[in-house]
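Enquirer: As you go down the protein sequences, you meet chains A, B, C and D in turn. The first sequence begins at 34 in our numbering and counts up one residue at a time. The second sequence begins at 34 in our numbering and counts up one residue at a time. The third sequence begins at 7 in our numbering and counts up one residue at a time. The fourth sequence begins at 7 in our numbering and counts up one residue at a time.
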Amino acid sequence: MSDTLDQAVPAAPERSASPRTAKDYASDMEVRWCPGCGDYAILKAVQKTLAELEADPDRTVFLSGIGCAARFPYYVDTYGFHTIHGRAAAIATGVKLAQPELDVWVVSGDGDSLSIGGNHLLHLLRRNVDLVYLLFNNEVYGLTKGQASPTSPVGQVTPSTPGGSLDAPVHAGRYVLGCGGTFFARVPDVAQAQQVEVMKAAHAHAGTGFVEILQNCIVYHDGAWSTVTDKKTAAERQLWCRHGEPLRFGEGGAKALRLNAAALTLEAFTPGVDGEAAEVLVHDAGNPMLARLLCELDEPTALGVIHRRDAAVSERRHHAARPPQRREPAALQELLNGSDTWRI
Amino acid sequence: MSDTLDQAVPAAPERSASPRTAKDYASDMEVRWCPGCGDYAILKAVQKTLAELEADPDRTVFLSGIGCAARFPYYVDTYGFHTIHGRAAAIATGVKLAQPELDVWVVSGDGDSLSIGGNHLLHLLRRNVDLVYLLFNNEVYGLTKGQASPTSPVGQVTPSTPGGSLDAPVHAGRYVLGCGGTFFARVPDVAQAQQVEVMKAAHAHAGTGFVEILQNCIVYHDGAWSTVTDKKTAAERQLWCRHGEPLRFGEGGAKALRLNAAALTLEAFTPGVDGEAAEVLVHDAGNPMLARLLCELDEPTALGVIHRRDAAVSERRHHAARPPQRREPAALQELLNGSDTWRI
Amino acid sequence: MDEPKLGEGALVVRFAGDSGDGIQLTGTRFTAAAAFTGADVSTFPDFPAEIRAPAGTTYGVSAFQIQIGRRTVRTPGDRVDVLVALNPAALMVNLDELRPGGVIVADSAAFTDRNLKKAGYAASPLDDGSLDGYRLVALDVTKLTAEAVKPAGVKARDAGRARNFWTLGLVLWLTGGDVAKSAAWIAERFKANAQLVDANTRALEAGHAFGDTAELARVEPVLEAGPSPLPGGRYRSISGADALCLGLVTGAHLADLELVYGSYPITPASSMLHGLARLGAYGVDVFQAEDEIAAIGVALGASYAGKLGITGSSGPGMALKTEMLGLALAAELPLVVIDAQRGGPSTGLPTKTEQSDLLQAVLGRNADSPLPVLAAATPHDAFEMAIEAIRLAVRAMTPVILLTDGFLANATEPWAIPDLAALAPIERPPHGTRQPYEHDPETLARPWIPAGTPGLRHRIGGLERQDGTGSVSYEPANHQRMTELRHARVARLADAVAEQAFEAGGTDDDILVVGWGSTYGALTSAVDQLRGEGLKVAQLHLRHLSPLPRNLGDLLAAFDRVLVAELNMGQLALLLQGRYARPVASLTKVAGRPFGIGEIKNRVRAELGVEA
Amino acid sequence: MDEPKLGEGALVVRFAGDSGDGIQLTGTRFTAAAAFTGADVSTFPDFPAEIRAPAGTTYGVSAFQIQIGRRTVRTPGDRVDVLVALNPAALMVNLDELRPGGVIVADSAAFTDRNLKKAGYAASPLDDGSLDGYRLVALDVTKLTAEAVKPAGVKARDAGRARNFWTLGLVLWLTGGDVAKSAAWIAERFKANAQLVDANTRALEAGHAFGDTAELARVEPVLEAGPSPLPGGRYRSISGADALCLGLVTGAHLADLELVYGSYPITPASSMLHGLARLGAYGVDVFQAEDEIAAIGVALGASYAGKLGITGSSGPGMALKTEMLGLALAAELPLVVIDAQRGGPSTGLPTKTEQSDLLQAVLGRNADSPLPVLAAATPHDAFEMAIEAIRLAVRAMTPVILLTDGFLANATEPWAIPDLAALAPIERPPHGTRQPYEHDPETLARPWIPAGTPGLRHRIGGLERQDGTGSVSYEPANHQRMTELRHARVARLADAVAEQAFEAGGTDDDILVVGWGSTYGALTSAVDQLRGEGLKVAQLHLRHLSPLPRNLGDLLAAFDRVLVAELNMGQLALLLQGRYARPVASLTKVAGRPFGIGEIKNRVRAELGVEA
Ligand SMILES: Cc1ncc(C[n+]2csc(CCOP(=O)(O)OP(=O)(O)O)c2C)c(N)n1
Ligand SMILES: Cc1ncc(C[n+]2csc(CCOP(=O)(O)OP(=O)(O)O)c2C)c(N)n1
Ligand code: SF4
Ligand code: SF4
Ligand SMILES: [Mg+2]
Ligand SMILES: [Mg+2]
């Protein structure tokens, strides 16, 4: 008894008629993350997003690999498949290939996505499968009790790296763009409203809407993102990117970014103090090079929809390329017959 | 008999004393690629490179996965390990971890590296393991008889894609840089001299010296790179990047690249005709953003060492982080004893 | 002497030459011509491992062997009666298997010093008497062809290529055939180029005419029209790989499902990828994934979403799919996994045949993870077993592994075209409003509720599930129950499958020969011949390896001597002993090649203490 | 009644409470105190699946069970004598296993309405008489602790945390122990914070004193000093995981090799990753790879370069390593692969124990791919089998799989510290100038020529190799020979291993009980007790599963009744029947838990037709 996570009894069909609040998307299962885990906030944001999208729970599917993050599907009252470590992207591709109209969300941790699952992520992105991909980046392996993850900074002391993590981390944004990703957004777990906004944008995007969520693992790597999320420093450290708007940050938007054309880098400056207002860069989410410059900035950290561009969607291309269907028995019989037959 | 690839009888030790010509690095095995395959030229270039480096054959190891390219180790008279599909990078990492002083070369095809092996390549690159990585990119699966590869252009008709390949290809350079690669070069199979130059640079680089070789598969995808390599158009299509030198191309270097700062793109122009000579960009291999812009250019195609930057090398870090060794029996006995013992 | 002699109603021809010589085409055309006469045929194409080896090398030799019978033939033949050697390397590599006194057709033009040296001959075997024990027909085929096609006015290169049609014509003549069927094919195949039709037809006819005018002795007139050993009906030629593809499409049709085939290229499984990729019009989506793990992942995702996921690979790729197979099993989703076996371990002998993935298929997963395993015996059986795999997968909501191999994939035989209307539909029980893990009391299968089904949303996964609700459960008793259920679900399929029948003989015989998979032809032929000699040999051939047929234990128990024959180190033997705790003898071969009929007969005789 | 009663020289204590209650620490300290008195001990920590479950929930209960004996104890015990329940959930989850009349120590302060409700109690069991069949010691431990530590002046939070030491003190008193050993540990552990030392020591002492002053009846004075059931020597406490790590380091030392441990985290194998990561000073390189495939790849690369590659994982990760294991085998390189088994299939029950990867280990690879498989029986055996794995890997140039499991990894026992000097060195035959695949006539091992060795460069890989030269070979006869060689190489290791000995009894007995792995304790205890009852029960416990010991067939043949007991659906039973073609009976359990001694005894009695 104590050992069973209750599964909701199949919901009565009427339940699925346009729910409107986050709560309508909560499953009956008890949420079992550690108290204080950043995943709770993300769960709420996703449920809110679903409500705002008026998503049909029966036509929505959450897929995940393995990890703390990957328990996510149990907690949303939609279809859900908690698969195996690192492979959700591949399975999701199959789901979309079979039923392109399903609304698919993949939830994955930094280990799941960028360690064991890196290859499937690459191919999901280059194919541009139409789904939302949520990366819960807590820079650590939560479920297996705290080992270094591929996003762990050099020096992180963990049970598997008692002398500190040694290797340069994978940079999620850089990787996604390197794979040819068509949508990249970043948002901290604590930024509820922006999460909803960003997830809606990812959902609206035709293709893989990849969202990196800066998630706090309170048990094994507490404070990983505190320099970005601390209320005190947030204004200085958070650069919210909005397409068509100037790239400003700091108290009252006092600071901004400009291009250093010689060095090919972005520079922070204070318009009117150490530069002209005219120099302020305006965010163009469609420019891949700007996206790369932005996603690698550290101070300030770029947040929001950093990149979004139109590109062909894999499963649509596959379906469009299907030859006219010949499903009647006579056609199949003809196929069995072949072209070169004889009688005995 | 006909079914055996002869293995050279262990070379007499004196044989390894500083050989100087490409031939000294040829193994006794009969080379079994298709007549006309681009791999022959690469083999010659590698042997030449080894000769110019005066590589010690006994301290040199070639590792490969599976594919036509991956037969490479049989043909160089060094240590060689023809492993399994997509995994050479992982095995090479183990070799370097165990013996950092060995001179390791990985040879891999586009399927081997960017399809099944994409994840290991990511982690090899982010760790910056000190070896040379040669990607033979022929945009096709040679050994398995011509299926589409992850670098096949959209529309390529193959036995597995009779209606034409559908998905957007992986862009090798973009991927390598997205993985945090510290060295990226590109060279066509037919450019013998430049190959040697580029491989020597890759070899000199402390970290993963990644070289994409534009290789022609004469059987399954002939002419894949002919727009770049055709003698007639070579000058117009080949942009040879050399650190510190202007990025010029075309007949007599008449054309050049400049930055379009507003669009964040590179533009080709003719200095003195549609622009100033002062606008000509000078190649800075250390600038990651320039590398990204360059590697994605199509007309002209950037060749040579496109990116090279210094970064910590994984196996060196690992060795530096080793605690002082306690290998004497007494130390081990102490470890067995532990700290909390009692007598019965 | 084991082999039926020439004149006993069957003939074995092997074409051999450089990969570039069109050997496979010649073989296929000869097969078509033979089958068209009503003869039974069995073929064995043998490609070099290299893509395109340098001309004239021994490792670049491509071969195509065919046995043609006015009686039933079930194998391509142990020994060759007629060897067509288009160059010295082809002779060097294949002479071993030519029977004493057999016919050699050689193109003397290719026996140049250079080619002889490449093949490893010091002197030309055409001249040095070394072929005295054979009937040598050495002709300058190159020149004869060039002369024949001259009137067509084609380029030298095309003239050279016509050499294979000249050879075909000659071999048709030697075997009593005519050129009509082949000429019709040429006309159709090259219809875009009248000149080529002309040239190739001329070559074909000239080769045939040469046999006649040069008054070459016919070898054996197996191609002369005559009674057919096959039952009446409409036939086509089919390879194992093609039959499998058709079977999958047909099975899906019978179950009213669409297919998603997720795969990653690998020899010899790629032929399925290529074959299915051409069948998009029949409700098949083919997806070339980034690796084998993604391939099965895509297939599983498709099954989860209500199409039928299928994946196919060979040994190394099967190994990679192991973890995901466990998920499919735990998630209780239908899936068909086809393993085209090849020589191993590791990369092994990719182009050679072997039956050594049996234990991996039956037992090779982490934890207690039973699933059904089937094996196809012949090309036409591949069609049937593909349908059977789909039937069992859908019935028991389970992944099913179907074993084939490199030999079976490429082998061809005449196939009595099935009547689609006569095939039984595959039932898919409606999910109703059953709970996600509510198991049908008979089949123990949970309902298949595709993602997106209105009103039945639920969550599944690889953690242990509570029987019924499908909730995650760590409860000890539930784990015990679910584990037993997983075993019982597979075991019960034995009730949904016919009892094992004898291929030959019965429980009164002195020895039982048991086989599985593509050794069917050789085993059946051997047992046939032994019985013909009066030995009391019975034969079983297993198509269901897991669960084993429900009467198998009893059948084995009826014999004092059981001989299990397979192309591995004794895997089925281990499995049978493991299940039935009774000793069996084991005949094994791991040489990358099918059994010869003779080796089987010798072993059976040895078991019976009989002299040959 | 199966169980030895209280007073028979052994006592089972289980501590249970929230994950945050320091249960594992209390258990470990109690174990240390018990072992220090010379008692034999066996422990079983049982963590919740969740990282940090909300306080008070049943699924968040953490437990630690220990059996303490003045006689030999080999299991943590079937039933609990003393249950310490720090909250209602702990009581709810564990009460089932408390023996009738057993002792419950409960912290009444935690039995709040809220906690009762969370645990699923309608009313407090401390008051409603439902615990009448037990000896209930309900105390306000929280308050008693707070009072005791007040003088130390620590913060409320630290005072709360001291509750576990108060409990420890009380249980030490109940079992006849003193606090000296535990106090010393506190002094050492918290030496940086004198206040904490003070507070915790006060709590410890107060708990102990409380038992005395409240005149609680002692349960059983197993901790009073007295004769020890263990042989004389120097001891320490060791867990299976730690013993394994030490065994690997020691084995490498004995072979004069350095180790490269490539791994990817997975429960319950991670404890090896963590353990070895701390042993860098002893020639160990630990590399956390990007996945299990890379982990074994790194290990294999290291072996190729002359260090000893080791990798470890659990079921799903083992599945992923399958393909690379085939390469290691084909390349004939030494490698040690440790599989810490857990409940499956698929993700299954990651934190629960099971022995269900046996067939995967022995048979679960594509093609004919034999390799040695070992299993450790107890924590101290894990040390020895780690050395044995290295010895066999180096001797036969082969990957070796060593099976452990979640139970074994976490279980602890007193360990007679081995004398390094007394351990036999592991020989590594010099490669000399042998050819790369020149096989030693005795061991059939090729020479280990690390990459970089002067003058011996050569090329290896996964394609079939020519015996001797190591060149790629597609030759049929060579493939046959190499396949046989691979089998013989493993089979011959049986000669390098001692004959299988009986754990108990001999061929004159009426039934033979066969087990393997971590069920050793339960099986040995059960057989011991049955023999004590006069039943003629013999016992074998296998450490070598492939190859099986050379005399095993004879031993099995000596019995009419053989019972194979294992925590899976009968995998060893299948293997033994498969190898020896003799029927065995099978006792299985797949509930995520170790065998109870009672279940084994019942089944043996049933086999013998004896009433309990
Ligand atoms: C094949 C396989 N390897 C390893 C594991 C063990 N494992 C489970 S979750 C996990 C990593 C979790 O880290 P991450 O993906 O970052 O998720 P988080 O727990 O941090 O949310 C690992 C290694 C597994 N379940 N399967
Ligand atoms: C696990 C596994 N999957 C598939 C294969 C089959 N295979 C061999 S080489 C190859 C791809 C070859 O393409 P590429 O890497 O581009 O090399 P190329 O032959 O073009 O040089 C494949 C799929 C294999 N050997 N192992
Ligand atoms: S371990 Fe970390 S990531 Fe996992 S549930 Fe706990 S706080 Fe969250
Ligand atoms: S198939 Fe292509 S890549 Fe392979 S050897 Fe032939 S030409 Fe080269
Ligand atoms: Mg994480
Ligand atoms: Mg390629």
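Backbone N, C-alpha and C define an ideal beta-carbon position, used for all residues, glycine too.
(1) My assumption, with CB atoms under 8 Å, is that E360 (chain C) sits in contact with T384 (chain C). Please give the rounded CB distance.
(2) Can you tell me the Cα-Cα spacing of R349 (chain A) and V292 (chain C), whole angstroms?
(3) Ligand 4 and D534 (chain C): does any heavy atom of the ligand fall closer than 7 Å to the residue's C-beta?
(4) Would you say L104 (chain D) and G23 (chain D) are within 8 Å of each other, going by their C-beta atoms?
(5) What is the residue span of the alpha helix (DSSP H) that C274 (chain B) lies within?
(6) Is D143 (chain A) near ligand 5 - that is, is its Cβ less than 7 Å away from at least one heavy atom of it?
(7) Answer with buried or exposed for G337 (chain B), where buried requires no fewer than 16 other C-beta atoms within 10 angstroms of its C-beta.
(8) Going by DSSP, which residues form a beta bridge with T63 (chain D)?
(9) Hey, could you find the ends of the alpha helix (DSSP H) K187 (chain C) is sitting in?
(10) What first and last residue would you give for the beta strand (DSSP E) that runs through E312 (chain B)?
(11) With 8 Å as the threshold, decide whether the Cβ of S347 (chain A) is near any Cβ in chain B.
(12) Which value, in whole angstroms, describes the spacing of the CA atoms of A103 (chain B) and V140 (chain B)?
(13) Helix, strand or coil: how does DSSP classify Q189 (chain B) here?
(14) May I ask you to verify whether the stretch 279-295 of chain D touches the stretch 347-361 of chain D, counting CB pairs closer than 8 Å and requiring at least 3?
(15) Just by C-beta distance, which residues in the stretch 129-141 of chain A are closer than 7 Å to chain C?
(16) Quick one: is G584 (chain C) buried, meaning 16 or more other Cβ sit within 10 Å of its Cβ, or exposed?
(17) What are the residues in the stretch 65-90 of chain A lying within 7 Å of chain D by C-beta distance?
(18) Under a criterion of Cβ closer than 5 Å to any non-hydrogen atom of ligand 4, which residues qualify, in chain order?
(19) Chain C beta carbons: is any one of them nearer than 8 Å to that of A41 (chain B)?
(20) With a threshold of 8 Å between beta carbons, is V203 (chain A) in contact with chain B?
(21) Does any C-beta atom of chain B lie closer than 8 Å to the C-beta of D297 (chain C)?
(22) Does the structure place the stretch 196-212 of chain D close enough to the stretch 162-172 of chain D that three or more beta carbon pairs sit under 8 Å?
(23) Please report how far the alpha carbon of L297 (chain A) lies from the alpha carbon of L299 (chain B), in whole angstroms.
(24) Give me the Cα-Cα distance between P589 (chain D) and I29 (chain D), rounded to the nearest whole angstrom.
(25) Bridge partners of H115 (chain B), per DSSP?
(26) How would you list, in chain order, the residues of chain C whose beta-carbon sits under 8 Å from the beta-carbon of L155 (chain B)?
(27) Pull up the CB-CB distance for L569 (chain C) and L541 (chain C), whole angstroms please, since I reckon it's below 8 Å.
Expert: So, from the listed chains and residues:
(1) Their Cβ separation, rounded to whole angstroms, is 17 Å, which puts E360 (chain C) and T384 (chain C) out of contact at 8 Å.
(2) 14 Å
(3) no
(4) Going by C-beta atoms, L104 (chain D) is not nearer than 8 Å to G23 (chain D).
(5) From DSSP, C274 (chain B) is part of no alpha helix (DSSP H) but of the beta strand (DSSP E) over 271-274.
(6) At least one heavy atom of ligand 5 is nearer than 7 Å to the Cβ of D143 (chain A), so yes.
(7) Burial call: buried.
(8) According to DSSP, which records beta bridges pairwise, T63 (chain D) is partnered with nothing at all.
(9) 186-195
(10) That residue, E312 (chain B), is in no beta strand (DSSP E); it is neither H nor E in DSSP.
(11) yes
(12) 6 Å
(13) coil
(14) no
(15) L130, A131, Q132, L135
(16) buried
(17) In summary, the residues of the stretch 65-90 of chain A whose CB is separated from some CB of chain D by less than 7 Å are R65, C67, P68, in the order they occur in the chain.
(18) That gives B:W66, B:C67, B:C70, B:C101, B:G175, B:C250, B:I251, B:V252, C:I57.
(19) The predicted position of A41 (chain B) is uncertain, since its pLDDT is 41 and thus under 50; a value taken from the coordinates is nonetheless stated next. Chain C, which has no Cβ nearer than 8 Å to the Cβ of A41 (chain B), makes this no.
(20) yes
(21) yes
(22) Between the stretch 162-172 of chain D and the stretch 196-212 of chain D, the count of Cβ pairs shorter than 8 Å is three or higher; the stretches touch.
(23) 12 Å
(24) 45 Å
(25) Beta-bridge pairing links H115 (chain B) to B:S97, D:G467.
(26) Simply none; closest approach about 13 Å.
(27) Not really, about 12 Å apart at Cβ, beyond 8 Å.
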